[in-house]
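Written out below as structure tokens is the structure these notes cover.
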Amino acid sequence: MFANLGIFPLAAIEGSENFPQGEVVDRQQEFIFEEEIVVICHHGERSQMVAQELVESGFKKVHNLVGGIDAWSQVIDPTTPRYGPNG
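At position 18 of the sequence shown (counting the first as 1) the number is 26 in the working numbering, and the numbers step up by one without a gap.
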């Protein structure tokens, strides 16, 4: 899940779905409480806020991708494009 719509078309991780940050709480009925959820944004700050909102809403298996898609592109998959200031 991406916390920001603009990031998704540029650097989506295979199998991920896009839920813009402002819609996550309103659309949480689309998520399955028992499934693992990983929230992603550019550098991991906005996604941390969204992850916390999901935990507060009762989801148990919520993770924030620390460092965001930028860290993913540097450490895990260098084919994922980096973009914007500082990657």
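No residue lacks a Cβ here, since even glycine has one placed at the ideal position from N, Cα and C.
Tell whether a beta-carbon distance below 7 Å holds between glutamate 64 and valine 33. no
How long is the line joining the alpha carbons of phenylalanine 10 and valine 83, rounded to whole angstroms? At phenylalanine 10, the pLDDT of 48 sits below 50, so the modelled position is not reliable; the number obtained from the coordinates is stated separately. Approximately 18 Å, taken between the alpha carbons.
Helix or strand or just coil, what does DSSP make of valine 33? coil
Residue burial classification, histidine 50 (beta-carbon count within 10 angstroms, cutoff 16): buried
Give, in chain order, every unbroken run of the alpha helix (DSSP H) that is at least 4 residues long and sits entirely within the segment 49-86. 53-64 and 76-83
Using the DSSP secondary-structure output, state which residues sit across from isoleucine 1 in a beta bridge. Residue 1 lies beyond the range of the chain shown here (9 to 95); nothing can be said about it.
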